[in-house]
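Q: Chains as they are written, first to last, in the working numbering: chain A, 3 to 299; chain B, 3 to 299.
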């Protein structure tokens with residue numbers, strides 16, 4: 003597939019998604035400050051990788067991707083709430099995200115926590131409000147079940163807990179994988195699985211797509227760690243020594259930089275192999291996979 | 003109805019609920035610290051007024067109250083998460099709740115925030131997992147819709163935002179009612195409405211029960227403010243002067259103590275009138291109403 007076909011797919015769907023997010027928050031009958039805080043982080047940009055995975059999965063099944071607008075918005079709200087809470091002083095204490103002040107820097111800690119809570123809560127309402135012609139009642143419930151499991155204690159929240167609990171400890175590869183599979187992997191996986199649920203796919207296809215997304219999620223995280231390290235090298239203008247490579251709890255620190263690159267390739271190959279086995283028309287999902295392998299930010 | 007019949011109804015259902023809460027958290031495959039933090043606050047006691055309202059509503063329709071176990075657990079999880087987040091240093095900064103150290107005092111701010119997030123997320127999963135013989139798929143979706151609306155930006159979270167935004171400001175009675183109707187009222191109302199939804203009640207009955215719960219919620223809050231004031235009098239051993247009565251943003255401060263007592267009686271009467279109009283067998287709901295009118299803690 004030509005990259006420009008995917009670029010157009012991505013920009014069209016990003017725009018649709020962003021309009022939906024804005025509209026859904028604007029229509030809330032709520033104090034304006036909480037709506038502003040919700041929108042501030044929803045509109046802070048980002049690659050919208052989770053929504054795109056969902057749309058691309060619907061595309062693989064030959065379905066109208068618009069069916070996925072509300073679940074995609076719900077997933078992006080959950081991702082956004084997790085960033086707001088993770089940035090808080092008592093968590094990662096980050097002042098900047100994507101070059102802009104973090105939510106609590108603008109709205110204060112209390113409103114940041116509450117804006118996160120509101121986004122998380124609203125996400126489930128959005129799925130309950132999918133039009134009946136876009137999904138059966140049992141399909142909507144399956145989406146809610148998958149989304150809450152992927153984002154709660156057994157998924158994303160559990161990963162964040164393990165990440166904080168593991169700070170300043172020597173992590174094994176298996177500790178590190180637990181953190182990433184849960185903290186970022188589960189919601190990425192759920193984005194693909196949600197598309198398959200909407201398509202009323204067979205259990206076998208859901209399993210394949212879920213494995214595809216599992217490997218994609220790990221590849222995403224390994225690439226992140228590699229970019230961090232290479233970014234650091236660029237910043238200081240020379241190869242970083244063992245200190246930076248050994249920065250705890252990253253793939254390069256455990257596997258070496260070359261080992262991390264090899265692991266990245268391996269997960270990308272495994273992801274593509276699962277995709278192929280689905281027998282679906284997975285051009286868009288492949289394009290996202292290539293993007294994740296080679297992304298430079 | 004004899005008070006002891008309600009007392010037995012309440013203690014039986016509290017026990018069932020508490021077992022369900024414990025079981026549901028214990029079965030999570032998640033880092034133990036987040037499960038401990040979730041259970042710590044779920045098991046900190048409390049009147050379980052929201053679950054009891056739900057069970058009492060099912061009883062009014064002559065239904066098996068066990069049908070309500072999962073939605074009741076979901077509502078109690080949402081109530082509990084809201085207490086954990088409200089107690090945080092950046093919100094009300096409370097060190098004690100019901101005589102025990104607050105969640106963040108025991109587990110730290112980060113795990114307290116995450117335990118709250120996990121409880122909120124899990125609550126929607128519980129509803130999606132109600133057995134098909136206990137509720138149709140469309141009924142479960144109606145529950146999720148009602149619960150997310152009652153607890154998000156348009157409900158409880160919106161009320162908490164307004165409460166924080168109104169701190170140290172002169173509140174009118176209408177400001178104060180907005181805060182209470184949203185911060186505590188909406189979830190109380192939802193507890194009753196959830197029972198009616200489970201009973202597949204007519205829209206007219208749902209509306210009546212919703213109005214009943216609206217007045218009950220306001221009565222609950224007014225009684226709270228009166229208890230605070232009288233408790234303060236008891237603590238200092240004499241009638242409190244205008245300073246305490248004028249403590250900002252309470253019913254006695256706006257209506258005087260006598261005015262607050264009159265408003266309490268009025269909301270109790272309005273609540274009972276709505277109940278009567280339902281034509282249901284509302285003994286248990288009446289017992290809860292009497293309890294709220296006369297409670298001393």
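All C-beta atoms in this analysis are idealised placements derived from N, C-alpha and C, irrespective of residue type, glycine included. Here the structure is a predicted model, which is why all the values come from computation and not from measurement.
1) One question on the structure: do residue 50 of chain A and residue 16 of chain A come within less than 7 Å of each other, judged by their Cβ atoms?
2) Enumerate in chain order the residues of its own chain whose CB-to-CB distance from residue 298 of chain A is below 8 Å, with the five nearest sequence positions on each side excluded.
3) Shortest alpha-carbon distance to residue 291 of chain B belongs to which of B:220, B:281, B:21?
4) So, does the CB of residue 123 of chain A fall closer than 7 Å to a CB anywhere in chain B?
5) Determine the chain B residues that contact residue 126 of chain A at a beta-carbon separation under 7 Å, and present them in chain order.
6) Should residue 60 of chain A go down as buried or exposed, given a rule of 16 or more other Cβ atoms within 10 Å for buried?
7) For the putative contact between residue 132 of chain A and residue 44 of chain A, defined by C-beta atoms under 8 Å, what is the C-beta separation to the nearest angstrom?
8) Which of the three DSSP states, helix, strand or coil, is assigned to residue 24 of chain B?
9) For residue 243 of chain A and residue 231 of chain A, I'd like the C-alpha separation in whole angstroms.
10) Taking DSSP's pairing of strands, which residues face residue 102 of chain A in a bridge?
11) Does the beta carbon of residue 195 of chain A sit closer than 7 Å to a beta carbon anywhere in chain B?
12) Report yes if the CB atom of residue 84 of chain B is closer than 7 Å to the CB atom of residue 127 of chain A, and no otherwise.
13) Can you tell me which of the three DSSP states residue 115 of chain A falls into?
14) Starting from the N-terminal side, write out each stretch of the alpha helix (DSSP H) that is 4 residues or longer and does not extend beyond the stretch 11–78 of chain A.
15) Return yes when the Cβ of residue 210 of chain A is within less than 7 Å of the Cβ of residue 147 of chain A, no when it is not.
16) To which residues of the same chain is residue 13 of chain B closer than 7 Å at the C-beta, ignoring the five residues directly before and after it?
17) By Cβ distance, which residues of its chain are closer than 6 Å to residue 159 of chain A, with the 5 residues on each side in sequence left out?
18) Which residues, in chain order, does the stretch 170–202 of chain B contribute to contact with chain A at a C-beta distance below 8 Å?
19) Would you say residue 175 of chain B and residue 251 of chain B are within 7 Å of each other, going by their C-beta atoms?
20) According to DSSP, is residue 110 of chain B part of a helix, a strand, or is it coil?
21) Taking only the alpha-carbon atoms, compute the straight-line gap between residue 154 of chain A and residue 177 of chain A and give it to the nearest angstrom.
22) How would you list, in chain order, the residues of chain A whose beta-carbon sits under 7 Å from the beta-carbon of residue 89 of chain B?
23) Out of B:196, B:200, B:156, point me to the one whose CA is closest to residue 184 of chain B's CA.
24) Assign residue 7 of chain A to one of two classes, buried (16 or more other C-beta atoms within 10 Å of its C-beta) or exposed (fewer than that).
25) Can you give me the C-alpha to C-alpha distance between residue 89 of chain A and residue 226 of chain B, rounded to a whole angstrom?
A: Let's see:
1) The sequence position of residue 50 of chain A within the first chain is 48, counting from 1. The sequence position of residue 16 of chain A within the first chain is 14, counting from 1. Yes; because the gap between Cβ atoms is below 7 Å, this pair is in contact.
2) As a working note, residue 298 of chain A is residue 296 in the first chain. Excluding five sequence positions before and after residue 298 of chain A, the CB atoms of its chain that fall closer than 8 Å to its own CB belong to 229, given in chain order.
3) Start at 1 with the first residue of the second chain, and residue 291 of chain B comes out as number 289. With distances taken between Cα atoms, residue 291 of chain B lies closest to B:220.
4) For the purposes of this step, residue 123 of chain A is identified with residue 121 of the first chain, where counting begins at 1. For residue 123 of chain A, the answer is yes, since a Cβ of chain B falls inside 7 Å of its Cβ.
5) For this step, residue 126 of chain A is matched to residue 124 along the first chain. 126, 146, 150, listed in chain order.
6) Indexing the first chain from 1 puts residue 60 of chain A at position 58. Buried, because 16 or more other Cβ atoms sit within 10 Å of the Cβ of residue 60 of chain A.
7) Mapped onto the first chain, residue 132 of chain A falls at position 130. Mapped onto the first chain, residue 44 of chain A falls at position 42. That belief does not hold up - the Cβ atoms of residue 132 of chain A and residue 44 of chain A are roughly 19 Å apart, past 8 Å.
8) Start at 1 with the first residue of the second chain, and residue 24 of chain B comes out as number 22. DSSP places residue 24 of chain B in helix when its eight states are reduced to three.
9) Translated into the one-based positions of the first chain, residue 243 of chain A becomes position 241. Translated into the one-based positions of the first chain, residue 231 of chain A becomes position 229. The predicted position of residue 243 of chain A is uncertain, since its pLDDT is 49 and thus under 50; a value taken from the coordinates is nonetheless stated next. Each residue's Cα considered, the two are about 10 Å apart.
10) Numbered from its first residue, the first chain carries residue 102 of chain A at position 100. Assignment of beta-bridge partners to residue 102 of chain A by DSSP yields A:99.
11) The sequence position of residue 195 of chain A within the first chain is 193, counting from 1. Proximity of residue 195 of chain A to chain B, defined by a Cβ-Cβ separation below 7 Å, is not satisfied.
12) Within the second chain, numbered from 1, the residue matching residue 84 of chain B stands at position 82. Within the first chain, numbered from 1, the residue matching residue 127 of chain A stands at position 125. At the C-beta level, residue 84 of chain B and residue 127 of chain A stay beyond 7 Å of one another.
13) In the first chain, counting from the first residue as 1, residue 115 of chain A sits at position 113. Three-state result, residue 115 of chain A: helix.
14) With a minimum length of 4 residues, the continuous alpha helix (DSSP H) runs that stay inside the stretch 11–78 of chain A are 34–44, 51–62.
15) For this step, residue 147 of chain A is matched to residue 145 along the first chain. For this step, residue 210 of chain A is matched to residue 208 along the first chain. It is not a contact, given that the beta carbons lie outside the stated cut-off.
16) The residue labelled residue 13 of chain B in the question sits at position 11 within the second chain. Residues of the same chain with their beta carbon placed closer than 7 Å to that of residue 13 of chain B are lacking, with the five preceding and five following residues left out of the count.
17) Against the first chain, residue 159 of chain A aligns to sequence position 157. Closer than 6 Å at Cβ, skipping near neighbours: no residue.
18) Within the stretch 170–202 of chain B, no residue qualifies.
19) Taking the second chain and counting its residues from 1, one reaches residue 175 of chain B at position 173. Taking the second chain and counting its residues from 1, one reaches residue 251 of chain B at position 249. Against a cut-off of 7 Å, the Cβ pair of residue 251 of chain B and residue 175 of chain B comes out as no contact.
20) The residue you call residue 110 of chain B lines up with position 108 of the second chain. Of the three classes helix, strand and coil, the one that applies to residue 110 of chain B here is coil, per DSSP.
21) As a working mapping, residue 154 of chain A is identified with position 152 in the first chain. As a working mapping, residue 177 of chain A is identified with position 175 in the first chain. If you draw a straight line from the Cα of residue 154 of chain A to the Cα of residue 177 of chain A, it comes to about 19 Å.
22) Residue numbering aside, residue 89 of chain B sits at position 87 when the second chain is read from its first letter. Under the 7 Å cutoff, chain A gives no residues; its nearest Cβ is about 11 Å from residue 89 of chain B.
23) For the purposes of this step, residue 184 of chain B is taken as the residue at position 182 of the second chain. Ranking B:196, B:200, B:156 by CA distance to the CA of residue 184 of chain B puts B:156 first.
24) Residue mapping note: residue 7 of chain A aligns to position 5 of the first chain, counting from 1. So residue 7 of chain A ends up on the exposed side.
25) For this step, residue 89 of chain A is matched to residue 87 along the first chain. For this step, residue 226 of chain B is matched to residue 224 along the second chain. When rounded, the distance between both Cα atoms is 35 Å.
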